[in-house]
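Novice: To start, I am sharing the structure in question, which I have written as structure tokens.
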Amino acid sequence: MQEEAIEQSENTVPPVESALVSWLQRCKDARDGHYKRAEKLFDLSQLLGYVLIYSTIFVTAFSFFTHNPDKILFWCITKQHIVIFIGCIAAVISGIVSQARFGERAEMHRSSGARYANLARDIEELQLKQKMGLLQNSELSTHINSVIKEWNNLSEDSLLTPHDPTRTNQYGHVLVTLFFIIMFFSVAA
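In numbering that gives the first Met the number 0, the protein residues as written are 0 to 188.
Written as structure tokens, this is what we have:
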């Protein structure tokens, strides 16, 4: 009976080690979430920026052309209607870009991801020192308190990351670009 208890105690992970493993995994998950969110926000910032550039160039170029109001493209829509519509899109996108600040938020998520990566390395270093027996209990307690304090500070400063992986759009920027190219040549013709 005592042999089984000794064998079980040897096979179980001490609470500090299991806590460090859990913390490391949570820290890596947070790091990955922030990096993924930063990438998505950066892509959205780029997409909207290019759409804004294309639409303002389109409106600027075609606002000086003379349009034949009798020539209907489809459903009573003339070329002038398309130019006005694209001008409205440009104004809306300009407001969205100014209000949402996707590029700034992407940088904040990237920074949070980097800080979580640093914290993960600190936890890995702590695990290594503990496994090698380089830490006394008082030093271990000090290091653990340092990790907890850094994690709390990081959590206060970090932005939220979404947990819905199904909301991805990889080809949106290509479709928008093609749309504007088609619109450009249809009005120019």
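Positions of the beta carbon are idealized from the N, C-alpha and C atoms, including for glycine.
I need the boundaries of the alpha helix (DSSP H) containing Gly-112, first residue and last residue.
Specialist: Looking at the DSSP string, the run of the alpha helix (DSSP H) that includes Gly-112 is 101-130.
Novice: Could you name the residues that DSSP lists as bridge partners for Ile-76?
Specialist: Phe-73
Novice: Please state whether the Cβ-Cβ distance between Leu-65 and Ile-71 is less than 8 Å.
Specialist: Here residue 65 turns out to be Thr, not Leu, going by the sequence shown. Cβ atoms of Thr-65 and Ile-71: not closer than 8 Å.
Novice: Just the C-alpha distance for Ala-4 and Ser-17, rounded to the nearest angstrom, thanks.
Specialist: With a pLDDT of only 48 at Ala-4, under 50, the local geometry of the prediction cannot be trusted, and no value is derived from it.
Novice: Rounded to a whole number of angstroms, what is the C-alpha to C-alpha distance between His-80 and Phe-179?
Specialist: Rounded to the nearest angstrom, the two C-alpha atoms are 15 Å apart.
Novice: Here's the rule I'm using: 16 or more other beta-carbon atoms within 10 Å means buried, otherwise exposed. How should Phe-73 be labelled?
Specialist: exposed
Novice: Quick one: residues in its chain with C-beta nearer than 7 Å to the C-beta of Leu-19, no 5 flanking neighbours on either side, listed in chain order?
Specialist: Ile-122, Leu-125 and Gln-126
Novice: From Thr-59, Gly-48, His-142 and Val-82, pick the residue whose C-alpha is nearest to that of Gly-94; which is it?
Specialist: Gly-48
Novice: Drop a sphere of 10 angstroms on the beta-carbon of Asn-144, count the other beta-carbons inside from all chains shown, and report buried for 16 or more, exposed for fewer.
Specialist: With fewer than 16 neighbouring CB atoms inside 10 Å of its own CB, Asn-144 falls in the exposed class.
Novice: Using 8 Å as the threshold, is the C-beta distance between Ala-37 and His-108 below it?
Specialist: Going by C-beta atoms, Ala-37 is nearer than 8 Å to His-108.
Novice: In whole angstroms, what is the alpha-carbon distance linking Tyr-53 and His-33?
Specialist: About 30 Å.
Novice: Please go through the region 43-68 and give each complete alpha helix (DSSP H) segment of 4 or more residues, from N-terminal end onward.
Specialist: none
Novice: How should Ser-97 be labelled, buried or exposed, when 16 other C-beta atoms within 10 angstroms of its C-beta is the threshold for buried?
Specialist: Here Ser-97 is exposed, its C-beta having fewer than 16 other C-beta atoms within 10 Å.
Novice: Which of the three DSSP states, helix, strand or coil, is assigned to Pro-14?
Specialist: helix
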